[in-house]
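In the working numbering, the protein residues as written are 53 to 287. Heads up: the structure comes next, in structure tokens.
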Amino acid sequence: MNVRQQLRRWHIWLGWIVGLPLLAWTTSGLVMVAKPIDEVRGADLLTDAPVLPSGLVPAPPAIGPRPVRSLRLEQRSFGPRWIVTYADGESRVADPASGRLLPPLTAADAAREVAARYTGTSPITVVDRTDRAAPPIDLRRPIEAWRVSLADGTRFYVDAATGEIVARRTRWWRFYDWMWGLHIMDLETREDSHNPLVIGFGIVVLLTTIMALIMLPLTLRRRSRKNGDAATMRS
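Spelled out as structure tokens, the structure:
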């Protein structure tokens, strides 16, 4: 068996191996570009966060003896709030009128925060708590949060400590996210684009392409030789 025949056999077998990942990459890539990214993210579903009222003179928060990493004043649907972030990463909310630290948000608080900024018409159906140790795949942030689910499948995640809406997830976003996981071949975390499957299939595709480039001139040379021999026999 000559070199061209051996390469052709290897190329056929490698082609079968890379067929499935190429189909997955092409299909997932097509899905991800089929809809504008702003629509996927639901960029128009929330109004901008409200601005602080003018003339506000807040009382300093009662942060206690714990070291503080940051302190900021933000507006919520229920009024201005101090957001105190301690050095250990914990966040608390304080009332700027009295400086008193407030308890974490309730489900009703989270629903009110979403309703105040939501621009659509779909009603809220469920408000449930997520676990910091096992955050939902469409949140992927290790925080305590309230998940506010709407009838049309849209979900908003509200930080239970600060009241900030940290994520908005449409149905299309979740399908897009699954396709992204398929594209990078990481359906578990959908974040690791440097995994053995992607690298391995990438190497196989590269080898298959190189073989095709090597076989092309060999095939053309063989075909040219055959044509020359046929012309000689006719003459």
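Even for Gly, the Cβ is constructed at its ideal location relative to N, Cα and C.
- When only Cα atoms are considered, Ala111 and Glu142 end up about 21 Å apart.
- Within the same chain, no Cβ atom closer than 7 Å to the Cβ of Pro155 is found once the five residues on either side in sequence are excluded.
- Taken atom to atom, the span from the alpha-carbon of Arg61 to that of Leu72 is near 19 Å.
- Residue state for Val120 is assigned as strand, using DSSP reduced to three classes.
- Taking the Cα positions, Val250 is about 6 Å away from Met237.
- Taking C-beta atoms as the reference points, Val179 and Ala203 fail to come closer than 9 Å.
- Pairing Pro119 with Ala139, the inter-Cα distance amounts to about 6 Å.
- Take Val83, set aside five residues on each side of it, and the residues of its chain with a beta-carbon closer than 6 Å to its own are Met231, in chain order.
- With a cutoff of 9 Å on beta-carbon distance, Gly94 and Thr206 are scored as near each other.
- Looking at Val136, Arg169, Ala185, the one whose alpha-carbon comes closest to that of Ala101 is Arg169.
- Judged by beta-carbon spacing, Ala160 lies beyond the 9 Å limit of Arg152, meaning their Cβ atoms are not closer than that value.
- Here Gly131 is exposed: its Cβ has fewer than 16 other Cβ atoms, across all protein chains shown, within 10 Å.
- In this structure, Ala186 sits away from Ala197, with a CB-CB distance that is not shorter than 9 Å.
- When secondary structure is reduced to three states using DSSP, Ile236 falls in the coil class, being assigned neither helix nor strand.
- For Ala146, DSSP records a beta bridge to Trp134, Leu153.
- Pairing Ala114 with Arg121, the inter-Cα distance amounts to about 15 Å.
- Taken through DSSP and simplified to helix, strand or coil, Arg220 comes out as strand.
- Comparing alpha-carbon positions, the option among Met263, Gly215, Leu125, Leu234 lying closest to Thr78 turns out to be Leu234.
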